[in-house]
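Trainee: Structure below; questions to follow.
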Amino acid sequence: MSKYKCHLLIVSLCIISLIKEGVTFKCYKCTSQGAQGCKDPFNVTQLVLTEDCNYDYQVCVKQEIMSPYHLVEDEIKRGCMHEDYCYVEGMRSTHCSTCKSYLCNSAISLSFLSLPILFLYQFALHLIKC
């Protein structure tokens, strides 16, 4: 197998492994008043709820809502929403952000995955002896 074909095969397998079934994507769904793991720092191990976003709700959202008069603790909400949600709900928010990738509304950046993927790629090259 040529070196070019070997690299192409490994890259293709990496890309295929990242593709999820269907065209929908998932978002974390929680409120900090209902789940301790929803607060910042975000704790995925305490949080098991996710939801599939559909045609009406095209983005994941993370919103921090300030409590009126600070009578209760400020709230964090995560879930699927429509694209302009932060503009509509922004008045009540101290922070509101949207994103469009798989489980992207955590505090964890997907850029942290790039280093392990690079190591896996190098390991596969060594294993296949390209």
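Numbers -24 to -1, 1 to 106, taken from mature numbering (1 follows the signal peptide of the UniProt record, and there is no 0), label the letters of the sequence shown in order. Where is the CB? At the ideal position from N, CA and C, for every residue including glycine.
1. Could you check which residue in 34, 78, 43 and 51 has the C-alpha nearest to that of residue 61?
2. By how many angstroms is the C-alpha of residue 48 removed from the C-alpha of residue 133?
3. In whole angstroms, give me the CA-to-CA distance for residue 18 and residue 82.
4. Assuming the contact rule is C-beta atoms closer than 8 Å, residue 14 and residue 52 should be a hit. Round their C-beta distance to whole Å, please.
5. Have a look at 103, 7 and 2 and flag the residue whose alpha-carbon is nearest the alpha-carbon of residue 50.
Mentor: Straight from the coordinates:
1. The residue you call residue 61 lines up with position 85 of the sequence shown. Measuring C-alpha to C-alpha distances from residue 61 to each of 34, 78, 43 and 51 identifies 34 as the nearest.
2. Outside the displayed range of the chain (-24 to 106) lies residue 133, so it cannot be described from this structure.
3. Indexing the sequence shown from 1 puts residue 18 at position 42. Indexing the sequence shown from 1 puts residue 82 at position 106. Their Cα atoms are separated by approximately 6 Å.
4. Indexing the sequence shown from 1 puts residue 14 at position 38. Indexing the sequence shown from 1 puts residue 52 at position 76. About 6 Å separates the two Cβ atoms, so the contact holds.
5. For this step, residue 50 is matched to residue 74 along the sequence shown. Residue 7 is the option with its Cα nearest to residue 50.
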